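Single-structure report; data block below.
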Amino acid sequence: MSKMLEVKDLTKRFGGLTAVNKVDMNVEKGEIVGLIGANGAGKTTLFNMIAGAFPPSEGTITFNGREIQGKPGYEICRMGIGRTYQIVKPFSNLTVLDNTVVGALLLDSNVKRAREKAREVVHTVGLDYRMDVVGADLNLPELKRLELARALATQPQLLLLDEVMAGLNPADSDKMIELVREINQSGVTIIIIEHVMKAIMRLSHRIYVLNQGKLISQGTPEEVSNDPEVIRSYFGEKRYAKN
Amino acid sequence: MKRKTWNPKVVSLGVICLAVLMIPRFITGTLTLQYIINIMIFAYFATCWNIVGGYAGQLALGNGVFVGIGAYVSAVLFNYEGISPFIGMLIGGAICAVLAIFIGSLTFRLNGSYFALATVAMLHIIRLTFMSNKYMFGYKTNGALSLNIKWRGGFQNMQFENNVGYFYLIFALLVVGILISWYIKNSKMGYYLQAISTNPEAANSLGVNVMAMKLKANAISAFMLGVGGTFYSFFLNVIDPSKMLGYDMSVQILLFAIIGGSGTLVGPILAAVLLVPVQDILRGIVGASVQGLAPMVYGLILMIFVYYLPRGLWPSIVTLYENLTFKKKQRMAKDGR
Amino acid sequence: MSTFTMYLQAVIDGLLIGGVYATIAVGLSLAFGVMRIINWAHGELLMVSMYISYFLFTWLGIDPYLIIFLTAAIMFVVGFLLQKLVISNMLAREKSVEPTSVLLFTSGLGLFLSNLALALTSGEYYSAVTEYTGKMMKISEIFISVPKAISFVIAVVCTLALYVFLQKSETGRAIRATSQNRDVAILMGVNMKSIYNIAFGISIAMVGLAGGLLIPYMTLNPNIGSTFGFKAFVIVVLGGYGSVIGALVGGLLVGVIEKVGTLAASDITAQICVFVVFILVVLFRPNGLLGKKVKM
């Protein structure tokens with residue numbers, strides 16, 4: 304299995320605050336890699352750098368052998384990295400279908416074909432019954448799926464999921480976990496940030512743990528949940544980790 | 004695959020087009036024709052502005068200045084170089100497009116309100132520059148005074164003896180403008196512009212080069228406005244810089260687009276059809292002695308619409324229609340499953 | 005007159021008008037700083053204040069410098085009601101942080117007001133002839149217009165008074181708290197709606213004041229709003245939105261740039277300069293020349 308993403312010494316400083324501190328991370332093709340850590344640990348900042356929202360202060364990000372740190376977001380998307388947002392960003396006055404079409408147009412400029420592709424993707428995430436509903440009228444679980452559909456429509460090789468379970472009840476969470484697994488099985492490599500431990504433990508092949516910008520542990524879900532460092536920074540979450 | 008049946012929208016459009024083409028047969032009054040030409044030219048301008056202002060959602064208050072620039076370029080090339088306005092308009096349009104890209108690269112970095120103000124500042128800089136220089140790039144443009152367009156007559160010079168010729172010409176311009184706007188709206192660019200208008204950050208993460216797309220829209224809109232400026236100035240046979248490069252006309256153009264429904268194809272045209280005649284009607288009632296009545300009414304209507312019907316006239320009509328024919332109820336019944 | 009004297013004269017003239025510019029701009033700065041409202045009709049409201057002051061003076065015959073407070077009071081009510089009845093509803097509807105619907109609404113308002121004035125007055129120019137009009141003082145080589153000087157002093161005093169009000173008084177501090185951190189201010193018991201109403205009322209009251217200050221020496225016509233309007237925006241971005249002292253300094257600066265520019269080049273060049281300065285500041289120093297970050 305080849306190394307798809309290689310993050311070396313990645314650092315981000317905002318004024319006096321070091322949000323991400325010399326983080327190393329590798330993602331192999333086909334994996335689901337989990338990224339966990341307390342709030343403010345730097346997970347979303349890490350994602351933002353990989354996705355091109357802003358450049359790192361130090362370090363490199365290599366994707367399929369090419370260095371991508373500092374490149375703008377739209378270029379990184381075109382290279383094959385998609386992302387969802389922690390706080391959903393739907394195109395609120397476009398329908399579910401049209402939202403997804405925007406993603407699909409990346410690879411096919413023909414609107415008619417892009418719409419067909421978008422229909423397929425909407426079906427994959429299970430939102431067909433809401434195909435013609437505008438973003439403003441969707442509820443949270445639906446918005447999360449829409450976020451997923453849009454990113455999927457760009458046919459990414461690597462998908463960054465930022466707290467895609469947040470705000471979902473247990474039933475919806477389970478469905479989302481299944482969906483993420485299906486997406487991975489269809490060939491998409493995934494990095495997932497989550498606070499919902501059940502999801503991360505069930506889905507991830509490997510996990511990285513961040514605390515205050517630094518990498519404090521990595522390994523399989525078992526290894527990580529038994530790591531005293533992790534337990535210390537996570538306290539009561541140990542209960543969920545055991546699931 | 005369903006067999007293609009006649010789309011009712013296309014049919015009704017065709018009927019409207021034919022009806023409009025027939026107008027000069029029945030209406031021979033020069034003044035009435037002039038009123039209709041005014042409607043059409045402003046419908047065209049509003050449609051052009053809508054590409055940047057409506058589709059892309061950028062409140063470019065100052066973009067009307069491109070009308071004046073296009074007008075001056077083709078007038079100057081016609082007067083002094085003998086170049087036909089049909090070629091002059093393309094050159095004028097191109098210059099506007101380049102200028103739009105330059106201005107946009109600076110202004111599009113700014114957020115909503117600052118962007119709007121910056122475009123107005125650009126308008127005034129250009130206007131003041133024209134009005135304070137009797138000569139621009141070696142050609143006499145008369146500064147603050149009006150520039151007359153030499154009369155040579157003939158179709159190739161866009162100069163007709165009576166209004167009928169202008170009528171067809173400007174109608175053709177309007178049709179082309181609508182077609183371009185329609186094409187953009189349903190193309191990849193249209194989708195991307197709408198995405199940018201609603202949520203540029205999300206658009207970025209889906210592979211949309213937001214800045215490049217905005218510049219493209221600005222350039223196209225400016226080109227079209229510049230071409231329209233040529234048509235308008237040759238129709239009037241004179242260029243008054245305080246008007247053609249003025250803030251008032253720029254605001255009026257976008258006023259129609261917003262009241263009608265920015266982001267829709269029909270909106271700007273509908274608003275122009277309903278509102279442009281207000282000017283002429285008011286003048287007919289009170290005479291030329293009372294100035295400023297029409298813009299006053301426009302300002303009032305803009306306020307009413309922004310407050311009560313912010314989406315604009317056309318979307319509100321469509322929603323009303325949908326409510327009345329229970330289409331919404333049907334759609335919601337489907338959703339339950 | 006030596007060149008130096010001419011330039012000194014220009015600087016002084018610039019400062020004198022600049023003080024009034026500051027008064028006009030400070031209201032705009034307050035509205036933008038506290039409520040993120042861009043009042044595109046600010047210049048037209050100034051024009052309205054000038055007409056009100058003119059007619060109060062012509063009909064009542066009171067000293068124009070006493071009328072200013074009456075005009076300010078009237079305009080306070082106008083601003084208060086505008087915010088309370090109209091703008092607040094639009095702000096509530098707007099989802100994004102920057103309310104462009106208010107910008108659009110006020111541009112309609114501006115269009116309406118300036119053409120209403122045009123229709124009512126047929127574009128006639130009005131000049132108030134007060135006992136101060138036309139009087140000049142001479143200090144060594146420099147001529148100072150008396151009404152301009154008096155207006156300047158009152159303008160600066162009132163602007164500073166506003167500053168003190170915002171710093172010391174309870175309402176003033178509530179206004180500042182709201183502009184810095186809306187949510188915390190609400191938590192501390194500030195009544196958001198009434199603060200907004202008062203702030204916008206003050207914003208327009210300052211414009212009312214300025215209108216009265218201009219009557220003794222400025223000719224009145226319906227278009228005068230647009231002349232002052234954009235200048236006010238330039239001053240607001242120069243001085244940093246929300247900052248009273250910034251508006252004061254910015255106003256003086258713009259006044260001086262204008263007069264010196266007119267002397268050095270031409271009237272039109274000076275005007276173009278003002279717009280160019282706006283674009284430069286907005287691109288490179290959006291938080292004002294001083295670069296202070298005003299926390300919202």
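Residue numbers (the numbering used here), protein chains in the order written: chain F, 304 to 546; chain G, 4 to 340; chain Z, 5 to 300. For glycine and all other residues, C-beta sits at the position ideal for the given N, C-alpha and C. All values reported here derive from a predicted model rather than from experimental measurement.
Chain-ordered neighbours of alanine 354(F) on chain G, where CB pairs are closer than 7 Å: Ser208
Contact check, tryptophan 44(Z) vs leucine 86(Z), beta carbons under 9 Å: no
Beta carbon proximity, lysine 374(F) to chain G, threshold 9 Å: no
Every unbroken alpha helix (DSSP H) within the region 271-325 of chain G, with a cutoff of 4 residues, ordered by chain: 296-311
Neighbourhood of lysine 123(G) by C-beta, 6 Å cutoff - its chain only, sequence neighbours within 5 removed: The displayed chain sequence assigns valine, not lysine, to residue 123(G). Around valine 123(G): Leu64, Gly65.
Beta-carbon contacts of isoleucine 249(Z) that lie in its chain and below 8 Å, excluding the five residues immediately before and after: Tyr167, Gly243
Counterpart residues of glycine 337(F) in DSSP-defined beta bridges: Ile495(F), Ile510(F)
Length of the line joining the Cα atoms of arginine 418(F) and leucine 410(F): 12 Å
Distance, glycine 259(Z) Cα to phenylalanine 282(Z) Cα: 14 Å
Contact list for the region 380-396 of chain F against chain G, Cβ threshold 8 Å: Cys380, Arg381, Gly385, Arg386, Tyr388, Lys392, Pro393, Phe394, Ser395, Asn396
Residues that glutamine 162(G) bridges to, as DSSP identifies them: Gly157(G)
Collapsed DSSP secondary structure at glutamine 521(F) in the structure displayed: strand
Terminal residues of the alpha helix (DSSP H) in which asparagine 227(Z) lies: Segment: none, asparagine 227(Z) is in no alpha helix (DSSP H) and carries neither H nor E.
Helix, strand or coil at serine 149(Z) according to DSSP, with G and I counted as helix: strand
DSSP three-state assignment for valine 298(Z), whether helix, strand or coil: Its pLDDT being 43, under 50, valine 298(Z) is placed unreliably by the model, and nothing is read from it.
Reference phenylalanine 204(Z), options Met94(Z), Val81(Z), Leu12(Z), Ile66(Z), closest by Cα: Val81(Z)
Cβ-heavy atom distance, leucine 400(F) to the ligand ZN, below 8 Å: Inclusion of the ligand ZN in the displayed structure is not the case, the ligand content being empty and no account of it being possible.
Closer than 7 Å at the beta carbon, the chain G residues around serine 105(Z): Val309, Pro313
Buried/exposed call for leucine 323(G), threshold 16 Cβ in 10 Å: exposed
Three-state secondary structure (DSSP) of methionine 434(F): coil
Backbone CA spacing between glycine 292(Z) and isoleucine 91(Z) [nearest angstrom]: 26 Å
Backbone CA spacing between arginine 316(F) and isoleucine 173(G) [nearest angstrom]: 58 Å
Cβ pair isoleucine 364(F), valine 310(F) closer than 9 Å: yes
Outcome for valine 18(G) when other beta-carbon atoms lying within 10 angstroms are tallied against a minimum of 16: exposed
Residue closest to asparagine 351(F), alpha-carbon to alpha-carbon, out of Leu313(F), Gly333(F), Gly368(F): Leu313(F)
9 Å Cβ cut-off: residues of chain B touching tyrosine 195(G): You won't find chain B in this structure, because its protein chains are F, G and Z.
Neighbouring residues, chain F, relative to glutamate 204(G) (Cβ below 7 Å): Lys392
Cβ of arginine 97(Z) within 9 Å of any chain G Cβ: yes
Outcome for isoleucine 369(F) when other beta-carbon atoms lying within 10 angstroms are tallied against a minimum of 16: Sequence check: residue 369(F) is arginine here, not isoleucine. The residue in question, arginine 369(F), is exposed, as its Cβ has fewer than 16 Cβ neighbours within 10 Å.
Euclidean distance between Cα positions of alanine 103(G) and aspartate 271(Z): 27 Å
For valine 81(Z), three-class secondary structure by DSSP: helix
For isoleucine 28(Z), the three-state DSSP class (helix, strand or coil): helix
Rounded C-alpha distance that separates asparagine 114(G) from asparagine 195(Z): 29 Å
Residues of the region 88-116 of chain G whose Cβ lies closer than 9 Å to any Cβ of chain Z, in chain order: Leu109, Thr110, Arg112, Leu113, Asn114, Gly115, Ser116
For aspartate 465(F), the residue or residues it bridges with in DSSP: Ile496(F)
Where alanine 198(G) meets chain F, residues with beta-carbon distance less than 7 Å: Phe394, Val405
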